[in-house]
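2 protein chains.
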Amino acid sequence: MTSPVGLHRVVQPAGVLPQAAWRLDASAAIGPNEVRIRVQRLNLDAASFRQLSEKHGGDGDAVRAEVLEIIATRGKMQNPVTGSGGMLIGTVEEAGRRSPLGLKAGERVATLVSLTLTPLVITDGLARWDGRSEQVPCDGWAILFARSIAAVLPDDEDPQLSLAVLDVCGAPALTARVVSRYVEERRRSGDPTPVRVAVIGGAGKSGSLSLAAARRAGAARTVGVVPVAAERDALTAAGLASVVALADARDPVGLSTAVTTALGVPADVTVVCVDVPGCEHGAVLATADGGTVIFFSMATSFSAAALGAEGLAADVTMLVGNGYVPGHAELALGLLRAEPGVRQLFAARIAAD
Amino acid sequence: MTSPVGLHRVVQPAGVLPQAAWRLDASAAIGPNEVRIRVQRLNLDAASFRQLSEKHGGDGDAVRAEVLEIIATRGKMQNPVTGSGGMLIGTVEEAGRRSPLGLKAGERVATLVSLTLTPLVITDGLARWDGRSEQVPCDGWAILFARSIAAVLPDDEDPQLSLAVLDVCGAPALTARVVSRYVEERRRSGDPTPVRVAVIGGAGKSGSLSLAAARRAGAARTVGVVPVAAERDALTAAGLASVVALADARDPVGLSTAVTTALGVPADVTVVCVDVPGCEHGAVLATADGGTVIFFSMATSFSAAALGAEGLAADVTMLVGNGYVPGHAELALGLLRAEPGVRQLFAARIAAD
Numbered sequence: 010m011t012s013p014v015g016l017h018r019v020v021q022p023a024g025v026l027p028q029a030a031w032r033l034d035a036s037a038a039i040g041p042n043e044v045r046i047r048v049q050r051l052n053l054d055a056a057s058f059r060q061l062s063e064k065h066g067g068d069g070d071a072v073r074a075e076v077l078e079i080i081a082t083r084g085k086m087q088n089p090v091t092g093s094g095g096m097l098i099g100t101v102e103e104a105g106r107r108s109p110l111g112l113k114a115g116e117r118v119a120t121l122v123s124l125t126l127t128p129l130v131i132t133d134g135l136a137r138w139d140g141r142s143e144q145v146p147c148d149g150w151a152i153l154f155a156r157s158i159a160a161v162l163p164d165d166e167d168p169q170l171s172l173a174v175l176d177v178c179g180a181p182a183l184t185a186r187v188v189s190r191y192v193e194e195r196r197r198s199g200d201p202t203p204v205r206v207a208v209i210g211g212a213g214k215s216g217s218l219s220l221a222a223a224r225r226a227g228a229a230r231t232v233g234v235v236p237v238a239a240e241r242d243a244l245t246a247a248g249l250a251s252v253v254a255l256a257d258a259r260d261p262v263g264l265s266t267a268v269t270t271a272l273g274v275p276a277d278v279t280v281v282c283v284d285v286p287g288c289e290h291g292a293v294l295a296t297a298d299g300g301t302v303i304f305f306s307m308a309t310s311f312s313a314a315a316l317g318a319e320g321l322a323a324d325v326t327m328l329v330g331n332g333y334v335p336g337h338a339e340l341a342l343g344l345l346r347a348e349p350g351v352r353q354l355f356a357a358r359i360a361a362d
Numbered sequence: 010m011t012s013p014v015g016l017h018r019v020v021q022p023a024g025v026l027p028q029a030a031w032r033l034d035a036s037a038a039i040g041p042n043e044v045r046i047r048v049q050r051l052n053l054d055a056a057s058f059r060q061l062s063e064k065h066g067g068d069g070d071a072v073r074a075e076v077l078e079i080i081a082t083r084g085k086m087q088n089p090v091t092g093s094g095g096m097l098i099g100t101v102e103e104a105g106r107r108s109p110l111g112l113k114a115g116e117r118v119a120t121l122v123s124l125t126l127t128p129l130v131i132t133d134g135l136a137r138w139d140g141r142s143e144q145v146p147c148d149g150w151a152i153l154f155a156r157s158i159a160a161v162l163p164d165d166e167d168p169q170l171s172l173a174v175l176d177v178c179g180a181p182a183l184t185a186r187v188v189s190r191y192v193e194e195r196r197r198s199g200d201p202t203p204v205r206v207a208v209i210g211g212a213g214k215s216g217s218l219s220l221a222a223a224r225r226a227g228a229a230r231t232v233g234v235v236p237v238a239a240e241r242d243a244l245t246a247a248g249l250a251s252v253v254a255l256a257d258a259r260d261p262v263g264l265s266t267a268v269t270t271a272l273g274v275p276a277d278v279t280v281v282c283v284d285v286p287g288c289e290h291g292a293v294l295a296t297a298d299g300g301t302v303i304f305f306s307m308a309t310s311f312s313a314a315a316l317g318a319e320g321l322a323a324d325v326t327m328l329v330g331n332g333y334v335p336g337h338a339e340l341a342l343g344l345l346r347a348e349p350g351v352r353q354l355f356a357a358r359i360a361a362d
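Residue numbers (this note's numbering), protein chains in the order written: chain A, 10 to 362; chain B, 10 to 362.
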């Protein structure tokens, strides 16, 4: 039996897991517990796409050439600078008879594990992609392991919309879990203090879903922090936050003042959804003692977070945003259906891409 | 009232936190919530001292001159190349009447916040220091803010031993908090399953304290993982873990097999205390679904942890090891007193330095 976590696909260096590998074996023949997907579209991670685009000064042809080169060299799409990947959409081509994923040939799926560990081959030279968007139409194949995760795409939704939601579905799921815990603890101890949540980058994809998830999990007051007036207006119109505040997340004093002003006090839970470096100290300062910061941004610096909290003598719990929480796909698609504001923001983002 | 995080001491650039500042105002007059320390010794960060010493080819006079120059220019001891500082020992000279730190004039203290954010003036030209060691005897003053942290040094302990314990005191405090929560939750729900804890790097300073803290917090079974036979023997002799296992923490499969074999099942709580990169995936694989990984190593990669857990479809909570937990200094010094095994391992490490 081939390894459930894909160890048999690691070419170099030997003995590491697929995500840490420099190169994977992406050959098309599958083991009995694997699944092969015919790929139709890649969704590059935002931090990865931005790095590539800035490196090449927005030259789409150069970006395309580098993405092709990365995939050909590494057997997977993992940006060597940011370390991040993205996800993909495709159709099940062949499912091994011992695969536990429950997928059938012909089903349209999105992978919910990162491209950084997914064996991938591109066969069309990315000819239909202009290199100017995170959405990459393509032809090729990818391999799923026994412990991979894939969600069957709903028939009644635009696949691009579903994909965009599924791409960040770990954020609302973990936000909901953490907020629920605060609500539950206060209820149990008879503490009437409402739970307050700040989402930094509240108008973005993971941010808007996290705001909606926090409210449904029982947050009494939420603030969505955004960097520019256009996002402020969009998030206000979407009606997902109690308050919308303008602040630069890299300015610790400005960010914490904005959050504290909006909520009346620092946040119990602060969710960081902006993909720029240097937001750690502001997030810590914006959070109450006993509170929790959830870092979803791949631009988060581990040492800046650890040393920053220590230097501020801040008794906050800091979570590495795990993209996997059981039931995360269903929860996020449920928010898309139930919250017109979420649909509105996602549709606008997709139209702008 | 002056800023609790020291914003009023930032001279340049305006608006940043003291740690990020180029220059601080270290004048001796204190605000009502500040404390002034008469400094007796600086403990330079190892990376900082090494950089200075190598730059000057081991010329102690040149190293001393540069340290003096840095402190005079910046108003704090922050190496401009490494960005790091260190800590200090001194005596409380004056405590503002609104300082929440609870310090009294005459008490001997160690600062538990970094020198990188501590206003500092040297008055003796470092005349008693030869520039050849991280330990810098000196005379001068330093300022603590309301949200700084300082621990009173016990009279009955070797200050070097106390300092070594205080340097890592966040690890046992957070470990105790997390383990207690699992113990409490199981008790409340009537679940008789014992709580099991793995400490990666169990023979080191933070590791041995974390093992002792886990046991006192109610862990029924613990494993200390170490990389070499000498550490295995030392940790076994210290008697701090139920089992001691040999494994390379950078080998995910080897590490998780070692932990699972030692505990019978994956760990409920895995504590990472080894300062080598690449331990994230092994720690996640070694942890049970619903479990928690606490990362104390500054070599932790945020994206490797986040994407690794997602890629393994692992429902684990991952914590950034915050060096500050209320009561951490007392808890760690208490473990030093109560656990002969902890004292034994620390004494051996100090003797070897």
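For every residue, glycine included, the Cβ atom is placed at its ideal position computed from N, Cα and C.
- C-alpha of Ala-71(B) to C-alpha of Asn-331(A): approximately 48 Å in a straight line.
- Taking the Cα of Gly-227(A) as reference, the smallest distance to any Cα among Asp-200(A), Val-206(A), Pro-236(A), Ser-215(A) is reached at Val-206(A).
- Annotation for Leu-126(A): Pro-27, Gln-28 place their beta carbon closer than 6 Å to its own, counting only its chain and skipping 5 residues before and after.
- For Arg-45(A), the three-state secondary structure derived from DSSP is strand.
- Between Phe-311(A) and Val-329(B), the C-beta gap is smaller than 9 Å, which places the two residues in contact.
- Taking the beta carbon of Arg-195(B) as reference, no residue of chain A falls within 8 Å; the closest one sits roughly 16 Å away.
- DSSP places Arg-50(A) in the strand class (E or B) of the three-state scheme.
- Val-232(A) sits buried, since 16 or more C-beta atoms from the chains shown fall within 10 Å of its C-beta.
- Between Phe-304(A) and Ser-215(A), the gap from beta carbon to beta carbon reaches 9 Å or more.
- Assignment of Phe-304(B) by DSSP, reduced to helix, strand and coil, places it in the strand class.
- A residue is called buried when at least 16 other Cβ atoms come within 10 angstroms of its Cβ; Gly-67(A) does not meet this threshold and is exposed.
- Your pair Leu-342(A) and Val-188(A) does not check out as a contact, with CB atoms roughly 19 Å apart and the cut at 8 Å.
- Beta-bridge partners of Gly-95(B) (DSSP): Leu-53(B).
- Minimum Cα-Cα distance from Ser-219(A) among the listed residues Pro-181(A), Ala-229(A), Thr-245(A) corresponds to Pro-181(A).
- Residue pairing by DSSP puts Val-206(A) in a beta bridge opposite Thr-231(A), Val-278(A).
- Among the residues facing chain A, Met-96(B) is not included, as its CB has no counterpart in that chain under 9 Å away.
- Put simply, the CB of Pro-335(B) is near chain A, with a gap under 9 Å to one of its CB atoms.
- By alpha-carbon distance to Val-90(A), the top candidate from Trp-31(A), Val-334(A), Arg-117(A) is Trp-31(A).
- For a cut-off of 8 Å, the C-beta gap from Gly-84(B) to Asp-34(B) is around 6 Å, short enough to register as a contact.
- Take Gly-263(A), set aside five residues on each side of it, and the residues of its chain with a beta-carbon closer than 8 Å to its own are Ala-256, Asp-257, Gly-291, in chain order.
- Taking a cut-off of 8 Å on C-beta distances, the region 163-179 of chain B does not touch the region 53-64 of chain B, as fewer than three cross pairs fall below it.
- When rounded, the separation of the alpha-carbon atoms in Thr-100(B) and Gly-350(A) is 58 Å.
- C-alpha of Thr-301(A) to C-alpha of Thr-326(B): approximately 12 Å in a straight line.
- For Phe-311(A), the nearest CB of chain B lies under 9 Å from its own CB, placing it at the interface with that chain.
- Every beta strand (DSSP E) stretch that sits fully inside the region 82-130 of chain B and reaches 3 residues is listed by chain position as 95-104, 117-120.
- Bounds of the alpha helix (DSSP H) holding Pro-168(A) are 168-176.
- Your pair Leu-294(A) and Leu-316(A) does not check out as a contact, with CB atoms roughly 14 Å apart and the cut at 8 Å.
- Using a CB distance cut-off of 9 Å, Asp-324(B) counts as an interface residue toward chain A.
- With a cutoff of 9 Å on beta-carbon distance, Gln-49(B) and Leu-97(B) are scored as near each other.
- Annotation for Thr-132(A): Asp-148, Gly-149 place their beta carbon closer than 7 Å to its own, counting only its chain and skipping 5 residues before and after.
- Val-329(B) carries a strand assignment under DSSP once its states are collapsed to helix, strand and coil.
- For Gln-28(A), the chain B residues whose Cβ falls inside 8 Å of its Cβ are His-290, Ala-313, Leu-316, Gly-317, Gly-320, in order along the chain.
- Per DSSP, the beta bridge partners of Gly-149(B) are Val-48(B), Ile-131(B).
- The region 11-20 of chain A makes contact with the region 36-48 of chain A: 3 or more CB pairs, one atom from each, lie closer than 8 Å.
- In the DSSP assignment, Ala-159(A) falls within the unbroken beta strand (DSSP E) covering 159-161.
- For Leu-255(B), the uninterrupted beta strand (DSSP E) segment begins and ends at 252-255.
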